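Below is one structure, written out as structure tokens; the observations come after it.
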Amino acid sequence: MSYTIGRLAKLTGMPVKTIRFYSDSGVLPERERTASGYRIYGDDDRARLELIRTLREIGVDLATIRSLGDRRLRNVLDLHLKAVETQLKSLQRTRAVLRATLGREGDPAEDDLRRLHALSRVGTAEMELLLDEFVDEVGGGIEARHEWLAGMRDCMLPELPEEPTTAQLDAWLELADLLADEDYRESLRRQSKDFWEADIDLEAWQETNAQVMREALAAAQGGVEPGSPESAAVLERILMAMGQSREEMLRVFDEHDPRAARLWELVSIIQETPWPAEQTIAYGWIESTLRKLEG
12 MSYTIGRLAK
22 LTGMPVKTIR
32 FYSDSGVLPE
42 RERTASGYRI
52 YGDDDRARLE
62 LIRTLREIGV
72 DLATIRSLGD
82 RRLRNVLDLH
92 LKAVETQLKS
102 LQRTRAVLRA
112 TLGREGDPAE
122 DDLRRLHALS
132 RVGTAEMELL
142 LDEFVDEVGG
152 GIEARHEWLA
162 GMRDCMLPEL
172 PEEPTTAQLD
182 AWLELADLLA
192 DEDYRESLRR
202 QSKDFWEADI
212 DLEAWQETNA
222 QVMREALAAA
232 QGGVEPGSPE
242 SAAVLERILM
252 AMGQSREEML
262 RVFDEHDPRA
272 ARLWELVSII
282 QETPWPAEQT
292 IAYGWIESTL
302 RKLEG
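Per our numbering, the very first residue in the sequence shown carries number 12; after that it's consecutive.
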């Protein structure tokens, strides 16, 4: 059945000017016209207008609705759901900051305002983009290093709780600042350049690293005192597995950027996981043992 724009307006309850706007902007597909230039609409247009009304009521933007011709409706609604969930998380974070701020006596401090401002620009989506940039830039064109960092990416992206504490919010913002720090990125590229350019077998190295961590962690948790004869025996097994001398291993620790440990500490604060982490304990024991035996 064919309808004039006036008839379609009466059937759908939409103003003529709204239907005309949808037609002119491409939200409603172009239809045939009469010899006088008037648009002729059909049942498909009537159904689409009802869909447009529903989508607009739940907040779907016109650009997305316009693209419906190239997408399934399910995909559009799925994308919209994700957008709504992101907005809800952002509002929940803001609510948490406001509650914490108003829960204290006196006027808000400068730190409170800074936190509110920063959270408005660093949500989960922004953190994901920042982390992708970090991985690409620190990877520095070295395939093995980039592959290793990409494998660590998900571990470096904690999920901020719906009702975060002030400590978690501050850790989230500090993490964003650290990932964006050009000096830190350059430090990581520089200190690991020789190692990653040696054309290592990434899988074999990861297995060796896991083995070393297990042995050092067992020693640390078993009460083996760094610098003791027993610790020296454990250290020699570790150095042999890694193919390094004491001097080479000490140089690695000397060049290590302490901000790397801080990054993982911030992740643990946000995730509310134990700190120090097992890997931190293991390598802390190795370093302490090395320094005492060499000192």
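Built from N, CA and C at the ideal position, the CB exists for glycine as well.
The model shown is predicted, which means the values in this text are computed figures rather than measured ones.
| Asked | Found |
| --- | --- |
| Inter-residue Cα distance where the pair is Glu276 and Val71 | 39 Å |
| Range covered by the alpha helix (DSSP H) that runs through Gly162 | 154-163 |
| Sufficient close CB pairs (3 or more, under 8 Å) joining the region 193-212 to the region 266-276 | yes |
| Cβ-Cβ distance between Leu189 and Leu274 below 8 Å | yes |
| Beta bridge counterpart(s) of Arg44 as assigned by DSSP | Arg50 |
| Inter-residue spacing [alpha-carbon to alpha-carbon] between Leu250 and Ala231 | 16 Å |
| Segment contact, 8 Å Cβ cut-off, at least three pairs: the region 178-197 with the region 221-240 | no |
| Cβ contact check for the region 278-288 and the region 162-182: 3 or more pairs under 8 Å | yes |
| Top-ranked residue by Cα proximity to Ser47, from Thr23, Thr15, Leu22 | Thr15 |
| Other residues of its chain near Ser66: CB distance less than 7 Å, five sequence neighbours each side excluded | Here the sequence assigns Leu to residue 66, which means Ser is not the residue at that position. Contacts found: Ile76. |
| Distance, Leu88 Cα to Glu3 Cα | With the chain covering 12 to 306 only, the question about residue 3 has no answer from this structure. |
| One or two residues paired with Tyr14 in a DSSP bridge | Tyr52 |
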